[in-house]
Amino acid sequence: MRHVAGMVTRTHRLTAGPRPRGGHEIHDDGTLRAWAVGHDSHALRRATSRNGTAEVLLVGDCLAASKEVQDAAEAAGRGRWHEVGRLPGSYLGIVRVDRTLRIMGDRAAAVQVYWVATESTVTWSTSATALAALAGAVPDPVRLLAEITTWGVEPGRDSWFEGIDRVPPGTALTLAPDITPAIQPLPGPAGLSYDAAAEALRHELPLAVGRRALTDRPLSADLSGGVDSSSIACLAAAHTDLTAVTYVDAAMVDQDDTRYAAEVAAAYPAITRHLVDGRRAGSRHFDHLTDPAGVPFTDTPALSVAMLGILAAQLAPAVAAGSRGHLNGWGGDNVLDAFAAPADRYRLGARAAALRDAGRLARDRRSSALPVLRAVTAAGRGTYPKALAYLADTVLTGPAPQGPPDAADAARWCGQLTAARWLTPAGRAALADLIGARVQSSDPNIGPGALRERLALEATGSEHANFDVVTRALWNLPLHAPFLDTRIVDTCLAVPAWKRRRPDDFKPLARAALTGLVHAPVLARRTKTSFNGIYDGLRVNAPALRALLNGSTLAEAGLIDTSAVLTSLDRTIHGSPADLVSLHVLVAIEVWLINLPSAFAAWWELAPARETSR
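According to full-length UniProt numbering, the sequence shown is numbered sequentially starting from 1.
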């Protein structure tokens, strides 16, 4: 699996020790050694400021021109080190200013950083599993449990492994001689007016797509007919020939998306469109899980393991065309749209507007207005730490909800999912302890909408990273999601949620930014296709899922009740949506635990004290 790792000494010169197996050394100055595994030479960029005080190293999908990288090094030398993280693309950023080193991923969690420290050395990596193998750390079952049974519980600095720390997106790991490693926040995006953000997005998104398209390598893209993928495909087709794929199944074939996709392809001669019908391909959700050990390993539990059969059919035209990069619209929902956030407006003092938003939310969800209004006013007086403390008590003593989060939950920070009824008494106690421990580190100033927006963005970015691992492993096909680039994220999220999400409109920011650059009828859409073909896959693949869940590691640990899980599976197979998300996550977790390569030798080997950087 592609990753980057490094070691930093705090007390002495680095000597012989472990190095990533198969790694290519990219830096060695005696105190910092770093290696890249599975990265091509073009994925490495570096620059040093003219006065020699600052050095920048970038690894991954950095799209910056050489001058932009040099300018970032100069800015770091003048104290603006955070500009290293705002270059075009999605990548790992390492910046040294004098004797202080900072390591950062991207804002969307598509590139994450983890670390573990001893008295003399800090070892960091973009792979938590690699560090776990080095330190002998094991997965944290309660952290996994929280993903299945709760919503809105922020992971903070916790990775998926006990003893391995995470650098939260939007922060940097800061290391310097003789000081304790620290997590340092990066400046957040400056607020923008709606019009200013649209103008900035009109520049940034075509740049993000265009620089990926202008590589002289065959390129492919999703073309679902939705706003997000269609916008990316149109922008790419302005620069290069494009193999575009529209995937449909029995539930999608008669939806608007297919018609819009055909119209886009007809409007752009550079697009060669392939319509893939899952019914003819025989592809369904949860295919290929009869032998879960054959699923490619990802660094975190991957929801895409439920899509292996569909991906094989969907990406077959791109693979046949020799594509060396596949563009998609992942992240568009996160940055062009927004969660309803009436409680956030209430907390900022716009109470009348917030209550109007609450009433509209209730109507949109066909819910009674009174519970939503009460939730908004309660959130206006409460805080996230108090909400977590209440959730911990509820997990321990209260009943599980009977249905998925409702309209009133849109004004709250966190809650239980219906899968909480799977918990054993030991599971409840352990989960309540974990949530209670988060109270002290949680942000008392964040609103519920902003929290959900951040967590949803991180979930999308992390899952896209997993998706990329799968497609590289199975088809040698890298994935690219321009909407998840930090500059795109910061541009869009600089506009408050209630301005990006407008009544009776759909992704107006895309229309404001991209009119004239993207097929106009797509930008004028007011609909979004729902995807519910997952139930067919559940029914057909039920035997494989029952076998997987019968051997659940979390059940063997005494945290969940297997019989309750299997009862939920039976209900979901017959169309009940209540536990669908939790079952999907549990399947991903169990496949991940089965495939976890935890042995030291799977990730590391002994290295000489010095190597020549190439």
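Think of the CB as a built atom: it goes at the ideal place given N, C-alpha and C, for glycine as much as any other residue. None of the values given here were measured: they were computed from a predicted structure.
query: Relative to the ligand MG, is the shortest distance from any of its heavy atoms to the C-beta of K386 smaller than 7 Å?
result: The ligand MG is absent from the structure shown, which contains no ligands of any kind.
task: Could you check what DSSP says for L593 in three-state terms: helix, strand or coil?
output: Working through the sequence shown from its first residue, we reach residue 593 at position 593. Residue state, collapsed to three classes: helix.
message: Taking the alpha-carbon of L593 as reference, which of L548, L580 and L566 has the nearest alpha-carbon?
response: Position 593 of the sequence shown, counted from the first residue, corresponds to residue 593. Of the candidates L548, L580 and L566, the one whose C-alpha sits nearest the C-alpha of L593 is L548.
- request: Any chance you could list the alpha helix (DSSP H) runs of at least 4 consecutive residues sitting entirely within the region 119-151, in chain order?
  value: For the region 119-151, whole alpha helix (DSSP H) runs of length 4 or above, ordered along the chain, are 128-135 and 141-149.
Strand pairing of V69, partner residues [DSSP]: Taking the first residue of the sequence shown as position 1, residue 69 is located at position 69. For V69, which the question treats as bridged, DSSP gives no partner whatsoever.
task: Assign E605 to buried or exposed, taking buried as 16 or more other Cβ atoms, counted over all protein chains shown, within 10 Å of its Cβ.
output: The sequence position of residue 605 within the sequence shown is 605, counting from 1. When all chains shown are included, E605 counts as exposed.
- prompt: By DSSP, does D158 sit in helix, in strand, or in coil?
  reply: Counting from 1 along the sequence shown, the entry for residue 158 is found at position 158. In this structure, DSSP gives D158 an extended state, which the three-state scheme calls strand.
field: Beta-carbon gap between W413 and L451 smaller than 8 Å
entry: What you label residue 413 is simply residue 413 of the sequence shown in a count that begins at 1. What you label residue 451 is simply residue 451 of the sequence shown in a count that begins at 1. Between W413 and L451, the C-beta spacing is below 8 Å.
message: Considering only the alpha carbon of each residue, which of S90, D158 and D165 lies closest to G117?
response: Translated into positions along the sequence shown, residue 117 becomes position 117. For the record, residue 117 in the displayed sequence is Ala; it is not Gly. Selection S90, D158 and D165 evaluated against A117 yields D165 as nearest (Cα-Cα).
query: Under the three-state reduction of DSSP, which class applies to L474: helix, strand or coil?
result: As a first step, residue 474 is located in the sequence shown; it is residue number 474 there, counting from the start. Three-state result, L474: helix.
task: Would you check if the distance between the CB atom of G447 and the CB atom of D333 is smaller than 8 Å?
output: Within the sequence shown, residue 447 is the residue found at index 447, counting from 1. Within the sequence shown, residue 333 is the residue found at index 333, counting from 1. Not closer than 8 Å, so no.
message: Out of R438, L431, Y390 and R363, which one is the CA nearest neighbour of D406?
response: Here the question's residue 406 lines up with position 406 in the sequence shown. Comparing Cα-Cα distances from D406 to each of R438, L431, Y390 and R363, the minimum goes to R363.
task: Compare the beta carbon distance of D299 and T486 with 8 Å and say whether it is the shorter of the two.
output: The sequence position of residue 299 within the sequence shown is 299, counting from 1. The sequence position of residue 486 within the sequence shown is 486, counting from 1. No, they are not a contact pair.
task: Find out if the Cβ-Cβ distance for the pair A293, N595 is shorter than 8 Å.
output: On the sequence shown, position 293 is the one that residue 293 refers to. On the sequence shown, position 595 is the one that residue 595 refers to. Against a cut-off of 8 Å, the Cβ pair of N595 and A293 comes out as a contact.
- request: Indicate the three-state DSSP secondary structure (helix, strand or coil) for T258 in the structure shown.
  value: By 1-based counting over the sequence shown, the position of residue 258 is 258. In the structure shown, T258 falls within a helical segment according to DSSP collapsed to helix, strand and coil.
query: Among A76, S125 and W81, which has the Cα closest to the Cα of L32?
result: Numbered from its first residue, the sequence shown carries residue 32 at position 32. Nearest C-alpha to L32: S125.
query: Is G533 near A251, with beta carbons less than 8 Å apart?
result: Counted from its first residue, the sequence shown places residue 533 at position 533. Counted from its first residue, the sequence shown places residue 251 at position 251. If you check the CB distance, G533 and A251 come in under 8 Å.
- prompt: So what's P177 in DSSP terms, helix, strand or just coil?
  reply: Your numbering for residue 177 matches position 177 in the sequence shown. Three-state result, P177: coil.
- request: Would you kindly check if the distance between the Cβ of T123 and the Cβ of M1 is under 8 Å?
  value: What you label residue 1 is simply residue 1 of the sequence shown in a count that begins at 1. What you label residue 123 is simply residue 123 of the sequence shown in a count that begins at 1. Cβ atoms of M1 and T123: not closer than 8 Å.
- request: On the DSSP bridge assignment, give the partners of R273 in chain order.
  value: Position 273 of the sequence shown holds residue 273. In the DSSP output, where bridge partners are listed per residue, R273 has A244.
message: Among the candidates G380, L361, G382 and R381, whose CA atom is the shortest distance from the CA of V372?
response: As a position in the sequence shown, residue 372 is number 372, starting the count at 1. Of the candidates G380, L361, G382 and R381, the residue whose Cα lies closest to the Cα of V372 is L361.
- request: Quick one: grab the DSSP three-state call for D195.
  value: The residue you call residue 195 lines up with position 195 of the sequence shown. DSSP places D195 in helix when its eight states are reduced to three.
task: Could you pull out every residue in the same chain whose Cβ sits closer than 6 Å to the Cβ of A588, ignoring the five residues on either side in sequence?
output: Mapped onto the sequence shown, residue 588 falls at position 588. Sequence-distant Cβ neighbours of A588 in its own chain, meaning closer than 6 Å and more than five residues away, are P301, A302, L303 and V305.
query: Does the distance from the CB of H326 to the CB of G309 come in under 8 Å?
result: Taking the first residue of the sequence shown as 1, we reach residue 326 at position 326. Taking the first residue of the sequence shown as 1, we reach residue 309 at position 309. Not closer than 8 Å, so no.
query: DSSP on W603, reduced to helix/strand/coil?
result: The residue given as residue 603 occupies position 603 in the sequence shown. Reduced to three states, the DSSP call for W603 is helix.
message: Please tell me whether A265 and T240 are closer than 8 Å, where the distance is taken between their beta carbons.
response: Your numbering for residue 265 matches position 265 in the sequence shown. Your numbering for residue 240 matches position 240 in the sequence shown. Taking the C-beta atoms as reference points, T240 is found no nearer than 8 Å to A265.
task: Leaving out five residues on either side along the sequence, give the residues of the same chain with a beta carbon under 6 Å from the beta carbon of G38.
output: Here residue 38 refers to the residue found at position 38 of the sequence shown. Taking G38 as the centre and dropping the five residues before and after it, the same chain places the C-beta of R2 closer than 6 Å to its C-beta, in chain order.
Assigned exposure category for residue 619 - 16 Cβ within 10 Å defines buried: Past the edges of the chain, shown from 1 to 614, lies residue 619, and the structure says nothing about it.
task: Starting from the C-beta of A557, find all residues in its chain whose C-beta is less than 6 Å away, skip the five residues before and the five after it, and write them out in chain order.
output: Stepping through the sequence shown from its first residue, residue 557 is reached at position 557. Excluding sequence neighbours, A557 sits near P141.
- request: Look at the alpha carbon of D443 and the alpha carbon of P385, and state the distance between them as a whole number of angstroms.
  value: Stepping through the sequence shown from its first residue, residue 443 is reached at position 443. Stepping through the sequence shown from its first residue, residue 385 is reached at position 385. A straight-line Cα-Cα distance of about 7 Å links D443 and P385.
field: Proximity below 8 Å, CB of residue 618 to CB of L192
entry: A question about residue 618 goes unanswered here, because the residues of the chain that appear run from 1 up to 614.
Sub-8 Å separation of A172 and R78 beta-carbons: The residue you call residue 172 lines up with position 172 of the sequence shown. The residue you call residue 78 lines up with position 78 of the sequence shown. Taking 8 Å as the Cβ cut-off, A172 and R78 do not qualify as a contacting pair.
query: The beta strand (DSSP E) spanning W498 covers which residue range?
result: Translated into the one-based positions of the sequence shown, residue 498 becomes position 498. No beta strand (DSSP E) contains W498, which is instead part of the alpha helix (DSSP H) from A497 to R500.
message: Let me confirm a value: H42 is counted as buried when at least 16 other C-beta atoms fall within 10 Å, else exposed. Which label applies?
response: Working through the sequence shown from its first residue, we reach residue 42 at position 42. Classification for H42: exposed.
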